[in-house]
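Student: Heads up: the sequence shown begins at 4 in the numbering used here, then just goes up one per residue. Glycine residues also receive a C-beta, built at the ideal position from the N, C-alpha and C atoms. Sharing a structure with you now.
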Amino acid sequence: MFAKRTFFRQKKWPLTGKGVAIVFITHLLICCLFSCSCSPNSQSSSGEEPVEPLVAGQEALQGEPLVRGRFSVPNPEMKIFALSVSHNGDDILFSSEARTVSRLDGRGNLSWEIVTEGLPVCAALAEDGLFAAVGTEQGKVYYLNSSGHILWEISFQGKIEHLALNRRGDQLALSVLEEEGYILYCLDQWSSLLWEKDTGLLKELYFTFGGEVCYLEEGNSDNGTIKIVRSGELLWEKEARLAAFSAEGKFFVLYNGEELQYYRLNLSGSPELKWSLPPCGEEEVNWLGLTEEGRYLLAYNGFTVGNNNLWAFNNDGLLLWKRRIPSGALLDVSCTGERIVASSWQEYSEDVSKVMVLDNYGDVLQEVEMASRIEKNALSGDGSILVLAGSDGNLFILEIPVAKGLTAKNGNSEEGEQTKTLYRPVSFKKPEGESYLTLYFFDEEAQELIPVNRSVKASPKLLQSAVNELIKGPRSSSGLKRTIPKEVHINVTEKEGLAYVDLPEELDKLGGTTQVQSMVDSLVRTLSQFSSVQGIQFLLEGKKVSVFSGEGFMIDKVFSPHRLGKKPVLYLPYRSGDRYYLLPREADELMKPVDLVNEILRESYPFLSAKPRLKEIRIEKKEIVLDWDASFKELFPSDGNPKEKALAVLFTDALLLTLGENLPPDRLIFLVEGEVWTPPGGYNFSGEISRPFFINPE
């Protein structure tokens with residue numbers, strides 16, 4: 004419980020802070036009452052069977068029922084104002100006209116409920132579910148922890164119009180309609196005022212990764228203005244009709260009625276425009292979505308009849324796919340873009356809604372008709388849980404199928420395997436008389452450079468061997484793409500720590516920024532594995548030039564080696580096509596051990612069959628001890644199929660390397676509910692890290 008605080012303001016600051024102790028006691032009484040009386044409204048798959056909302060016996064992929072749970076509000080006429088779900092789908096928050104804010108678990112069971120002073124028109128849940136914030140039409144703001152305890156509440160002199168939490172839940176932005184007009188406030192987790200600013204009527208409110216607040220302000224015409232504010236001062240503004248931010252807040256896209264504009268945010272200075280283009284044809288856009296790191300952009304026209312109305316672009320503005328989905332749909336997309344959800348009742352009779360689940364290729368994974376008019380939806384950040392709010396007072400919790408096509412028969416593969424390998428575990432030894440070369444290839448979507456380790460015969464000319472292997476390209480069953488055209492010859496020499504890369508004239512004709520950048524980056528990263536290389540200089544036909552290719556790519560400088568280790572390195576699970584890899588990535592800041600584990604969990608949830616919860620992590624002299632809840636064992640069924648085994652080993656490899664590289668001990672110990680536990684045979688887990696190690700061996 005936070006300490007009781009009172010707040011004073013000379014001009015527009017909220018009047019008072021309410022005594023927390025009284026609120027806490029009242030809240031306990033409310034929780035006790037609801038714990039006794041709420042069970043008829045809450046049904047889950049673990050107890051009484053929920054009312055089945057599916058039509059014609061629809062089922063999820065892999066034969067699992069799609070419905071995970073259901074919750075019914077006491078009065079079905081009550082409007083639901085706000086609906087949000089935590090990143091992993093374990094926590095659901097909604098507010099309603101009953102003047103209540105309710106929190107459910109991932110199966111629709113009521114965790115707690117509070118009664119608010121005024122209608123709770125705004126409510127938000129932090130990404131990890133640890134904190135929630137609520138704003139009412141009478142100017143009340145409540146800040147709560149995961150147990151439903153009101154940590155503080157304050158009153159404003161007006162209606163709360165918009166409310167946003169940053170990813171950690173420790174900063175709060177809110178737009179208040181007061182007598183003088185609209186005012187934007189930014190508070191910290193202790194309810195202290197950080198800054199305030201006069202604004203117009205807001206349409207959207209966001210936090211960026213640098214802590215700035217961004218909002219879309221309505222204008223006199225169809226377009227408004229998007230503004231970015233840092234410490235209360237206007238940093239940047241641009242005319243816009245729609246805007247969307249990536250999950251981590253580093254990228255954003257806007258639509259101004261004529262074109263899409265894609266930006267990267269900078270910690271200092273104005274956003275950088277990366278590209279702009281008109282939407283497909285002459286179609287209007289009325290919804291935008293942007294995935295993590297800005298990898299995928301989704302644009303939707305909800306009023307088109309008969310034509311394609313959903314378009315997907317990559318971060319270079321290249322159209323990846325387009326398709327037709329129902330008009331008037333509510334859309335949401337997972338952080339990675341692997342799951343896209345659209346629900347609509349406007350093409351059907353009033354009491355029937357169609358729900359579509361797409362993957363990042365635009366393929367339909369699931370189509371479900373529901374006997375309810377869906378008015379709000381919320382998709383968990385990891386894409387595993389979808390919450391739908393119907394006009395009949397029902398909230399449905401649906402479990403989204405995980406990855407499809409995880410195994411494939413491949414009798415003619417060059418590895419000669421009957422079943423395509425899903426993941427190759429980390430190797431701690433190399434074949435005698437051979438060397439491992441780390442090569443960088445594009446993933447299937449050309450979004451990331453994936454390192455793979457290829458075994459070659461030992462040679463005194465390893466730099467040239469590495470480039471030759473890079474040109475050969477990835478294995479046919481790898482799910483990866485080459486970065487350099489096949490059968491070109493690139494000569495590499497080294498002198499006094501400088502690697503000279505002599506590009507042939509035919510490569511100077513390469514077109515496309517992505518292709519040129521990927522070729523240069525893959526060469527730089529591949530050569531950076533050799534400690535003797537202190538810099539890379541590109542030549543064209545043996546001569547230094549300033550500009551390469553028709554794209555005007557500058558190669559006159561000496562490129563510094565790309566080596567990890569200056570910041571914490573995480574080894575994250577990553578999917579490319581049918582295959583899975585470990586993707587090394589530097590963290591933006593120092594991370595605590597528990598944060599390292601939680602980041603691995605966050606990246607792994609889309610692939611795992613269960614969602615284990617870390618109870619404790621201990622760093623001992625020679626061991627790192629992770630204590631999990633009982634669901635951890637579900638990742639390692641004794642009769643597990645190849646897919647289950649591959650994904651479990653991917654997860655444990657990610658934990659082992661991430662913790663082993665950032666913490667002193669080299670050994671990982673698993674506990675389950677406090678008892679030492681080891682994965683059963685067939686799961687390839689030693690628990691010890693040795694060096695050197697080789698990720699993604701071919």
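Based on DSSP bridge pairs, tell me the residues matched to Met522.
Tutor: As a working note, residue 522 is residue 519 in the sequence shown. According to the DSSP secondary-structure assignment, Met522 is paired through a beta bridge with no residue.
Student: Can you tell me whether DSSP reads Leu107 as helix, strand or coil?
Tutor: Here residue 107 is taken as the residue at index 104 of the sequence shown, counted from 1. The answer is strand: DSSP assigns Leu107 an E or B state.
Student: Does the distance from the CB of Arg298 to the CB of Leu313 come in under 8 Å?
Tutor: In the sequence shown, residue 298 corresponds to position 295, counting from 1. In the sequence shown, residue 313 corresponds to position 310, counting from 1. Cβ atoms of Arg298 and Leu313: not closer than 8 Å.
Student: Inspect the beta-carbon positions of Leu96 and Cys125 and report whether they are closer than 8 Å.
Tutor: Start at 1 with the first residue of the sequence shown, and residue 96 comes out as number 93. Start at 1 with the first residue of the sequence shown, and residue 125 comes out as number 122. For Leu96 and Cys125, no; Cβs fall outside 8 Å.
Student: Considering only DSSP beta bridges, list what Tyr188 is partnered with.
Tutor: Taking the sequence shown and counting its residues from 1, the one referred to as residue 188 is at position 185. Leu177 and Glu199.
Student: Please report the distance separating the alpha-carbon of Asn289 from that of Ala302.
Tutor: As a first step, residue 289 is located in the sequence shown; it is residue number 286 there, counting from the start. As a first step, residue 302 is located in the sequence shown; it is residue number 299 there, counting from the start. Ala302 has its alpha-carbon roughly 8 Å from the corresponding atom of Asn289.
Student: Closest to Leu510 by C-alpha separation, out of Thr529, Phe556 and Gly331, would be which residue?
Tutor: Here residue 510 refers to the residue found at position 507 when the sequence shown is read from its first residue. Ranked by Cα distance from Leu510, the options Thr529, Phe556 and Gly331 are led by Phe556.
Student: Is it right to say Lys412 is buried, meaning 16 or more other beta carbons lie within 10 angstroms of its own, or is it exposed?
Tutor: To locate residue 412, count along the sequence shown from 1; it is residue 409. Since pLDDT at Lys412 reaches only 33, below the 50 mark, its modelled position is unreliable, and the value read off the structure follows with that caveat. Under this definition Lys412 is an exposed residue.
Student: Measure the alpha-carbon distance for Thr681 versus Thr202 and round it to whole angstroms.
Tutor: As a first step, residue 681 must be located in the sequence shown, where it is residue number 678. As a first step, residue 202 must be located in the sequence shown, where it is residue number 199. So the alpha carbons of these two residues sit roughly 57 Å apart.
Student: Between which two residues does the beta strand (DSSP E) holding Glu262 run?
Tutor: Residue 262 sits at position 259 when you count from the first residue of the sequence shown. Looking at the DSSP string, Glu262 is not in any beta strand (DSSP E), and its letter there is neither H nor E.
Student: Excluding five sequence neighbours on each side, which residues of the same chain lie with their C-beta closer than 7 Å to the C-beta of Gly684?
Tutor: For the purposes of this step, residue 684 is identified with residue 681 of the sequence shown, where counting begins at 1. The answer is none, since no qualifying residue turns up.
Student: May I ask you to report which of helix, strand or coil DSSP gives Leu501?
Tutor: As a working mapping, residue 501 is identified with position 498 in the sequence shown. In this structure, Leu501 counts as strand in the three-state DSSP scheme.
Student: In angstroms with no decimal places, state the Cα-to-Cα distance between Glu691 and Pro454.
Tutor: Residue numbering aside, residue 691 sits at position 688 when the sequence shown is read from its first letter. Residue numbering aside, residue 454 sits at position 451 when the sequence shown is read from its first letter. Cα-Cα distance, rounded: 22 Å.
Student: Could you pull out every residue in the same chain whose Cβ sits closer than 6 Å to the Cβ of Leu238, ignoring the five residues on either side in sequence?
Tutor: Counting from 1 along the sequence shown, the entry for residue 238 is found at position 235. In the same chain as Leu238, and ignoring 5 residues on each side of it, the C-beta atoms closer than 6 Å to its own belong to Ile231, in chain order.
Student: Quick check: the Cα distance between Tyr146 and Leu133, rounded to an integer number of angstroms?
Tutor: Translated into the one-based positions of the sequence shown, residue 146 becomes position 143. Translated into the one-based positions of the sequence shown, residue 133 becomes position 130. The alpha-carbon atoms of Tyr146 and Leu133 are separated by roughly 11 Å.
Student: Using DSSP's beta-bridge definition, name the partner residues of Asn494.
Tutor: Counted from its first residue, the sequence shown places residue 494 at position 491. When beta bridges are read from the DSSP output, Asn494 appears opposite Asp505.
Student: Taking only the alpha-carbon atoms, compute the straight-line gap between Ile622 and Pro668 and give it to the nearest angstrom.
Tutor: Along the sequence shown, read from residue 1 onward, the residue named residue 622 stands at position 619. Along the sequence shown, read from residue 1 onward, the residue named residue 668 stands at position 665. Answer to the nearest angstrom: the Cα atoms are 8 Å apart.
Student: Please list, in chain order, all residues of the same chain as Lys3 whose beta carbon is under 7 Å from its beta carbon, the five residues on each side excluded.
Tutor: Nothing can be reported for residue 3: it is not among the residues displayed for the chain, which extend from 4 to 701.
Student: Can you list, in chain order, the stretches of the beta strand (DSSP E) that have 3 or more residues and sit fully within the stretch 217–263?
Tutor: 227–233, 236–243, 245–248 and 254–258
Student: Helix, strand or coil: how does DSSP classify Leu391 here?
Tutor: The residue you call residue 391 lines up with position 388 of the sequence shown. DSSP places Leu391 in strand when its eight states are reduced to three.
Student: Can you give, in chain order, each stretch of the beta strand (DSSP E) that sits fully within the stretch 526–589 and has at least 3 residues?
Tutor: Segments of the beta strand (DSSP E) lying fully in the stretch 526–589: 538–543, 572–579 and 582–589.
Student: Among Pro329, Asp335, Ser279 and Leu334, which one has its Cα closest to the Cα of Asn317?
Tutor: On the sequence shown, position 314 is the one that residue 317 refers to. Across the set Pro329, Asp335, Ser279 and Leu334, the C-alpha of Ser279 shows the shortest separation from the C-alpha of Asn317.
Student: Among Asn112, Glu116 and Gly92, which has the Cα closest to the Cα of Thr103?
Tutor: Counting from 1 along the sequence shown, the entry for residue 103 is found at position 100. Nearest of Asn112, Glu116 and Gly92 to Thr103, Cα basis: Glu116.
Student: CA-CA distance, Cys189 and Pro645?
Tutor: Here residue 189 refers to the residue found at position 186 of the sequence shown. Here residue 645 refers to the residue found at position 642 of the sequence shown. Approximately 50 Å between the Cα atoms of the pair.
Student: With 16 as the cutoff for other CB atoms within 10 Å, does Ser45 come out buried or exposed?
Tutor: The sequence position of residue 45 within the sequence shown is 42, counting from 1. For Ser45, the predicted structure reports a pLDDT of 41, less than 50, and the residue's modelled location is therefore unreliable. The matter cannot be settled from this model.
Student: Between Leu365 and Thr496, what straight-line distance do the alpha-carbon atoms span, to the nearest angstrom?
Tutor: Counting from 1 along the sequence shown, the entry for residue 365 is found at position 362. Counting from 1 along the sequence shown, the entry for residue 496 is found at position 493. What sits at residue 365 in the sequence shown is Gly, not Leu. One C-alpha to the other measures close to 45 Å.
Student: Bridge partners of Gly213, per DSSP?
Tutor: Against the sequence shown, residue 213 aligns to sequence position 210. Answer is none; Gly213 lacks a bridge partner.
Student: For Tyr577 versus Ser387, is the C-beta spacing smaller than 8 Å?
Tutor: The residue labelled residue 577 in the question sits at position 574 within the sequence shown. The residue labelled residue 387 in the question sits at position 384 within the sequence shown. The answer is no: Cβ separation not under 8 Å.
Student: Pro564 and Ser531: beta carbons closer than 8 Å?
Tutor: Within the sequence shown, residue 564 is the residue found at index 561, counting from 1. Within the sequence shown, residue 531 is the residue found at index 528, counting from 1. Contact: yes.
Student: Tell me, which residues are paired with His165 by DSSP?
Tutor: Translated into positions along the sequence shown, residue 165 becomes position 162. His165 pairs with Ser178.
Student: Indicate the three-state DSSP secondary structure (helix, strand or coil) for Ile403 in the structure shown.
Tutor: Start at 1 with the first residue of the sequence shown, and residue 403 comes out as number 400. Reduced to three states, the DSSP call for Ile403 is coil.
Student: Hey, would you say Leu671 sits closer than 8 Å to Ile627, going by beta carbons?
Tutor: Taking the sequence shown and counting its residues from 1, one reaches residue 671 at position 668. Taking the sequence shown and counting its residues from 1, one reaches residue 627 at position 624. Yes, the Cβ-Cβ distance between Leu671 and Ile627 is below 8 Å.
Student: Less than 8 Å between C-beta atoms, sequence neighbours within five positions excluded: which residues of the same chain meet that for Ser634?
Tutor: For this step, residue 634 is matched to residue 631 along the sequence shown. Only Ala613, Lys614, Pro615 and Arg616 meet the Cβ criterion.
Student: Flag this pair as yes or no: are the beta carbons of Tyr209 and Phe254 separated by less than 8 Å?
Tutor: Within the sequence shown, residue 209 is the residue found at index 206, counting from 1. Within the sequence shown, residue 254 is the residue found at index 251, counting from 1. Against a cut-off of 8 Å, the Cβ pair of Phe254 and Tyr209 comes out as no contact.
Student: Below 8 Å, can you find three or more Cβ-Cβ pairs linking the stretch 474–488 to the stretch 432–450?
Tutor: Taking a cut-off of 8 Å for Cβ pairs, the stretch 474–488 and the stretch 432–450 touch, as three or more such pairs fall below it.
Student: Measuring alpha carbon to alpha carbon, tell me which of Asn601, Met594, Leu585 and Lys624 ends up nearest Ala649.
Tutor: Numbered from 1 along the sequence shown, position 646 holds the residue referred to as residue 649. Ranking the options by Cα distance to Ala649, first place goes to Leu585.
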